[in-house]
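A short write-up of the structure that comes next.
There are 2 protein chains.
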Amino acid sequence: MTTNTGKSLPTVARIFHALSEETRLQILEHLKEGEQCVCDLTGVFKTGQSRLSFHLRVLKEAGLILARPEGRWVYYSLNADAVEELQEVVNSLKASSYRAAKRGCCP
Amino acid sequence: MTTNTGKSLPTVARIFHALSEETRLQILEHLKEGEQCVCDLTGVFKTGQSRLSFHLRVLKEAGLILARPEGRWVYYSLNADAVEELQEVVNSLKASSYRAAKRGCCP
DNA sequence: TTGACGCATCAACTTTTGTTGTTGTATTAT
DNA sequence: ATAATACAACAACAAAAGTTGATGCGTCAA
C-alpha cells in the first residue's frame, strides 16, 4: 500500500480547499504573528466583517485555526497541530521511490 | 518578515485548489505508482473520459503533474519538484517561533 | 437599562467549479 | 483511404463557493 496518512479523503480535500483562497492564505500569514481578533483583521484587510467571518469559519472548520472567545472578542490563532498534520499529508503525496513497472493498457 | 516561499499568492492558491478535490487526490495517489495514461485512469475510476481530462488539466495547470504525449497516448506523472515546493509552502505556514507581542485593537 | 461594539449568521445574488454528452484532431491499424 | 482509438475541448447545465448588506445576540460601558 502507498504511504497514507490517517486522514480521510474528504477531510484532506477540505483542508486543501480551505487553503485554496488568497484571502484565507493571507489570514494565515497574519496569524503566524500570533492571535488576532476579527477586528484586527478587518483593520488589516479593509474589507467587510461578514466576509472575514466567512473565511475564518472555513479555516476553522478545516481545523487550521482555533477560536478563543473572550468577552466581546474572539481571538483566532493558527492550529500548529493541524499544520504539522498537513505536512504529513503533503509528504505522503511524494511518489513511491520504487516505481512500479509500467502497467499497460497501451501497447 | 515572515518566512515566505518565492511563490505568489495566486500560484499557491491554485496549487491548493488543485488538491482540494477528492478525484484529483485519488489521481495523484495513483500516479505515485508511476506514469499512467488517461485510459489507465478511466479504467480505474470507471468514469467518463472528459471528466478525467478536466481534472488532469486542473492538476497540470497547477504544475502538480506532467504530461508526456507519446503517439496516441498521453502519459501523466507526478511532478516531484512541484511536490517538494509544496512542502516548502506548507513549512512556511508554521507560526513564527517568536510570537510578536499581542497587538491591540481590543482593550 | 440603554446604547455601542464585536461577531456570527442569514438571504439574495454573482462567480467559480464540476459534470455530461458531443465534437474535433491526431495517430495508428486495416 | 477508411475506420478505430486516445485524448482535448466545447457547450449546456448543475452545484458549490464567495460577496454584500441586513439582522440578531451577547457583552461591555455609561
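Heads up: the protein sequence lines correspond to chains A and B, in order.
Residues 339 to 445 in our numbering are what the first sequence lists, from first letter to last.
Residues 339 to 445 in our numbering are what the second sequence lists, from first letter to last.
Beta carbons: idealized from backbone N, C-alpha and C, even for Gly.
Residue i (DSSP reduced to helix, strand or coil)
i	result
A/C377	helix
B/L402	coil
B/S415	strand
B/E408	strand
A/M339	In this prediction, A/M339 scores a pLDDT of 49, lower than 50, which makes its location untrustworthy; the coordinate-derived value is nonetheless stated afterwards. A/M339: coil per DSSP, three-state reduction.
A/L394	helix
B/T385	coil
A/E426	helix
A/E371	coil
A/E363	Glu is not the amino acid found at residue 363 of chain A; the sequence shown has Leu there. Of the three classes helix, strand and coil, the one that applies to A/L363 here is helix, per DSSP.
A/A356	helix
B/A433	coil
B/T349	helix
Within chain B, the residues that residue i reaches when beta carbons sit closer than 7 Å
i	result
A/S388	Near A/S388 there are no residues of chain B at all, since even the closest Cβ is about 18 Å away, more than 7 Å.
A/P407	The premise fails here: A/P407 is roughly 12 Å from chain B at the closest Cβ pair, so nothing lies under 7 Å.
A/L363	L347, V350, A351
A/L366	L431
Proximal chain A residues relative to residue i, where beta-carbon distance stays under 9 Å
i	result
B/K418	Lys is not the amino acid found at residue 418 of chain B; the sequence shown has Ala there. What B/A418 touches in chain A: K432, A433.
Cβ distance (whole Å) where residue i is taken to contact residue j below 8 Å
i	j	result
B/L416	A/A433	5 Å
B/E408	B/T343	Not confirmed; about 33 Å, so no contact.
A/Q387	A/V376	6 Å
A/E373	A/Y413	4 Å
B/I353	B/A400	5 Å
A/L424	B/V428	6 Å
A/L379	A/L390	5 Å
Closer than 7 Å at the beta carbon, the chain A residues around residue i
i	result
B/S358	A351, F354, H355, S358
Interface partners of residue i on chain B, CB under 9 Å
i	result
A/V412	Chain B residues near A/V412: none, gap ~10 Å exceeds 9 Å.
A/L424	V428, L431
A/V396	Correct list: empty, because the minimum Cβ distance to chain B is about 11 Å.
**OP:** Would you check if the segment 351-364 of chain A and the segment 390-401 of chain A touch, i.e. whether three or more CB-CB distances between them fall below 8 Å?
**Re:** Contact holds: three or more Cβ-Cβ distances are below 8 Å.
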